[in-house]
Each structure stands twice: as structure tokens, then as C-alpha cells.
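See below for the structure under consideration.
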DNA sequence: TAGATTGTTAATCGATTAACAATC
DNA sequence: TAGATTGTTAATCGATTAACAATC
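Chains as they are written, first to last, in the working numbering: chain A, 4 to 234; chain B, 4 to 234.
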């Protein structure tokens, strides 16, 4: 019984919220004060009804014939996602990907900031990368407690992922953004969210394949019986 | 009418296939010859019935009481995803993320290989990163045609994404793996797949928030009426 | 006012889960 | 044989889409 696979209601909605936020901030920068779901939908290649349903979960109230107040909408979405006050995060594993994430400036828009990184490699420990110190993993527990950091970004090799996860969880980490392909087992009360880039490529490959075969990238409904492979 | 938002049947299944593949390759490396959905499900924190349904779309046939032949299953999944013959890809935009992806060795398991990278920055053009040449974007069209490359990985700044996409599409690219937050407009016959890391963090944030509020990270069903925010 | 847009309720669609016969 | 597992059909669940009254 896989009990720690948590279900979250309205998952697709939550996943779409960041793109609304991004567009809204762009509109706000352009001086736009009101926006309708029709406009948002066009910009994001969605149906207007989807946008309306999505926004409603934040509790925002719009004006018929006008739409929504852009700044209010930004505030409601940020509050819903808990992105209104910046969450501090530690990154563990300063490889290529870890280094790239340390230099990614976009996290500030997601209410998150990497404040330090950890590794065990003596070559990396002591360096400063993108303005952030790389510390030895031995110092993780102490710093996590002193700085009350709750979120960790995991960019270690897959075969070390569980071991490192156990360490950082016992140090007090409550949420792990897992960039490794390893499935983590975490205790009750700890959230692990996997960022699986292979997923995305699987969808791309399949759509490309079916496009060249079938025609339009859409997989036909009932006729997947042919199979030129014998066992 | 957002016509280029393509629908693909069984999207969740396709997204799960890479994790089966990863586990199966591990089991194969350990010398395991047969595997049941019960075992796979336990390793991936899924329900056995989900695994069974997922695997069935590849056309694999199992043996009651035994399970599936590991190597056959690997072959069927790879064939379904079109990962059996290595697809060559170009990467555009040699920033932090682009560099990290160029050094990522895991793509070979996904039937994909980055063969060269492109940029317009004179400082970057001419370099060799992780054994791959960085060429000027001017050479993209010529090389794409000569090498018959169909897939591009887009890691340019978001505000250049559409412009660069137009260039590479006219050069013959058929599939774009888009790592920018910008929504791309692509013509009929071209597939654009967005890799949106903010999505993942939105889910993590929301689960963390509701865990500390509600209790177990599961969002309650019908009582999201309270809202301590007045307009 | 006329009409675009919101917000809600109902209908549809697809994915997950349950049930169970078939199989080795 | 007994029983674990497959594969299929049916039931449930949730998300998307459609319809439409309310509103400014």
C-alpha cells in the first residue's frame, strides 16, 4: 500500500497557476490594470472557461464585463501558492544541474530563494557559486535548525538520493524538491515533489512519433491493435 | 480557438513510462529476468492495477503467476516511446541551464543525444563544452538540414524564445523541448513540449502549505470557503 | 440599453479504481 | 491442485467542457 503518494485536489489547476502569475506580472509591468479570462486564455493557449475555473479557487472575485484587477489577482494567486513571503531553501549536490539552479534568477518570482548549497566533494566545498557559499553536508543539520530552513532542492546523483534525503529530513527539512529520478520514501509530515524531466521528453517523443505516423500528433482512439512486434 | 494545444490520449500513462523503464533497467542490470506489476508498483509507489494498465498500452503480454519478461518489457516501452533508436538533438542557448543539460549523461537512456549547441554570444561560440561544440546560430539552418536533426532543446531567455523558435522551425526542426516559461506558437506539424519547473514548485508549495494548515498535505474536499482576505 | 464577462450548475469526457474470470 | 498474477470489463471519481442566468 503506497500510502505516501499524496493526492492533492485540483492538481492541474495548481500546475497552471504559475503561468497565470507570469503573464499577470508581465501585464502589470506594462501598466495594465484589468484583465479578462478571455485575454489570459488567448495568451496561454487555454480555454477561457479553464482560466475562470482555475482563478476561482484562489477566491478572487471579478467584475462582469471587465474582468479581474491585475494586482489583486497576482496577490490572490501568490497567497494561494504561499509565494507571497519568500521561502528560503538549501540546495544539495553542486553538480552541473545544481550549479545551474543556483544561478537561476527566476526563483524569486516563485517565492523561493536558495540561500546556500551543500556538497561533500572537497573541491566544491568552500567555493562561492553565483554568490552562494558551498558548505560541507556535515554542517547541514546545524544550519537548517539555526536558519529554520524547511525546503531542500535535491540535485545529487540518483543512487545517493534516498540516503541524502534521510539525512536532510532528520535535520528538519519538511519539503524536498527532488530533481533526481529516484523515488524517495519520506515519513509522514514530509513532502517530496519530483521534478522528472524524462516525463516531458516522453510526451514530446510520443507526440512526434504519432505525428509522423498518424498525421496530427493526436493519438487515434480505438485502433491501437496493430503491432509489428512478435515475442 | 487554441488549436495548437494538442491532446494526446493516455498522457498520464506516457508520463509514467520513463520511470518503469528506469526501474526495469536497474532490475536487468541486477540479472532479474521476470517482474510482476506488484513488484514494479511497490518500487514506484503506485497501485499494481495502474502499472498493469499502463504496460498494456505498449502491447506487451505477460504470463499469469509470473509477470513480464524484463528485457521484452524494456524493448516494448522503448519502442512505444520511440527511444529505441537514438534521436539526435541540437541545444540552443548555452547559459547555466543549457550547459547543465549538455553535461547530463542521462539523456542516452531516453533515446536522445545532444550533438551540438548554438548561441549568438561571441564569448560562447567556438567553445567546446562537455565534448560538444558551441556554434553560432547562423549555422543552425545549414547543419539541421545536413544532419537531418529534428529535435531542438530550447534554453534561451524567455523573451527570445518565440523569435528563436521561429528561426529553428523554419530550419526544419519538428520537435521543440522548451525549457523557457514562454508559451510557444508553432505551426501545424511541429510539436512543442514545455518543461515548466515552476509547476513542480507550485505543487510542492501548496502541499507544504496545506500540510501545515490542514494536517496531512491532502486538500479537504468541500470546505474551501473561508478566506481571510478582503478586496 | 446591449452585450461582454463573471460565476455557477449540469453534462461530458477520460483516468483511476474495483471486480473478476482466465491462466499457468 | 491452489493461488498469484494477468487482462478485461464495469464502476467510480475527478477534470474539462458546455450552458446559462446574473451582472455591470
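C-beta atoms are modelled at their ideal positions from N, C-alpha and C, and glycine is treated no differently.
{"Check": "Contacts of residue 194 of chain A in chain B (Cβ-Cβ under 7 Å)", "Outcome": "207, 210, 211, 214 and 220"}
{"Check": "Contacts around residue 70 of chain B, its chain only, beta-carbon distance under 6 Å, and the 5 residues preceding and following it disregarded", "Outcome": "37, 38 and 39"}
{"Check": "Buried or exposed (CB count within 10 angstroms, at least 16 for buried), residue 22 of chain A", "Outcome": "buried"}
{"Check": "DSSP-derived helix/strand/coil call for residue 200 of chain A", "Outcome": "helix"}
{"Check": "DSSP-derived helix/strand/coil call for residue 112 of chain B", "Outcome": "helix"}
{"Check": "Residues that DSSP places opposite residue 90 of chain A in a beta bridge", "Outcome": "A/115"}
{"Check": "Contacts of residue 113 of chain A in chain B (Cβ-Cβ under 7 Å)", "Outcome": "201 and 204"}
{"Check": "Within 9 Å of chain B by C-beta, residues of the stretch 67-91 of chain A in sequence order", "Outcome": "72, 75, 78, 79, 82, 83, 84, 85, 86 and 90"}
{"Check": "Straight-line Cα distance separating residue 161 of chain A from residue 46 of chain B", "Outcome": "14 Å"}
{"Check": "Helix, strand or coil at residue 66 of chain B [DSSP, three-state]", "Outcome": "strand"}
{"Check": "Selection of the stretch 165-188 of chain B by Cβ proximity to chain A, strictly under 7 Å", "Outcome": "177, 178, 180, 184 and 186"}
{"Check": "Touch test, the stretch 129-142 of chain B against the stretch 58-66 of chain B, Cβ-Cβ under 8 Å, three pairs minimum", "Outcome": "no"}
{"Check": "Straight-line gap, residue 15 of chain B to residue 53 of chain B (C-alpha atoms, nearest Å)", "Outcome": "10 Å"}
{"Check": "Chain-ordered neighbours of residue 102 of chain B on chain A, where CB pairs are closer than 9 Å", "Outcome": "99, 102 and 103"}
{"Check": "Chain A contact for residue 52 of chain B (CB, 8 Å cutoff)", "Outcome": "no"}
{"Check": "Whole-Å CB distance - residue 171 of chain A paired with residue 95 of chain A, under 8 Å assumed", "Outcome": "7 Å"}
{"Check": "Residue 150 of chain B, buried or exposed, once every other Cβ within 10 Å from all chains shown has been counted against 16", "Outcome": "exposed"}
{"Check": "8 Å Cβ cutoff, residue 95 of chain A in contact with chain B", "Outcome": "no"}
{"Check": "Every unbroken beta strand (DSSP E) within the stretch 21-77 of chain A, with a cutoff of 3 residues, ordered by chain", "Outcome": "none"}
{"Check": "Close beta carbons around residue 86 of chain B, own chain, < 7 Å, minus the five adjacent residues each side", "Outcome": "113 and 114"}
{"Check": "Cα-Cα separation between residue 122 of chain B and residue 199 of chain B, rounded to whole angstroms", "Outcome": "22 Å"}
{"Check": "Residue 212 of chain A to residue 153 of chain B span [Cα, whole Å]", "Outcome": "11 Å"}
{"Check": "Nonlocal neighbours in the same chain, by C-beta distance under 7 Å from residue 55 of chain B, ignoring five residues either side", "Outcome": "40"}
{"Check": "Environment of residue 210 of chain B [buried if 16+ CB atoms lie within 10 Å]", "Outcome": "buried"}
{"Check": "Close-in-space but distant-in-sequence residues of the same chain around residue 73 of chain B (CB under 7 Å, 5 per side omitted)", "Outcome": "27, 30, 31, 35, 36, 37 and 38"}
{"Check": "Endpoints, beta strand (DSSP E) assigned at residue 165 of chain A", "Outcome": "Looking at the DSSP string, residue 165 of chain A is not in any beta strand (DSSP E); the run it does join, the alpha helix (DSSP H), is 164-173."}
{"Check": "Spatial neighbours of residue 140 of chain A in its chain, beta-carbon cut-off 6 Å, leaving aside the 5 residues before and after", "Outcome": "121 and 123"}
{"Check": "Unbroken alpha helix (DSSP H) run spanning residue 101 of chain A, endpoints", "Outcome": "99-105"}
{"Check": "Spatial distance of residue 159 of chain A from residue 44 of chain A (CA atoms)", "Outcome": "38 Å"}
{"Check": "Backbone CA spacing between residue 20 of chain A and residue 99 of chain A [nearest angstrom]", "Outcome": "29 Å"}
{"Check": "Counted within 10 angstroms of its Cβ, other Cβ atoms place residue 147 of chain B as buried (16 or more) or exposed", "Outcome": "buried"}
{"Check": "Close beta carbons around residue 165 of chain A, own chain, < 8 Å, minus the five adjacent residues each side", "Outcome": "185, 187 and 188"}
{"Check": "First through last residue of the beta strand (DSSP E) which encompasses residue 138 of chain A", "Outcome": "135-139"}
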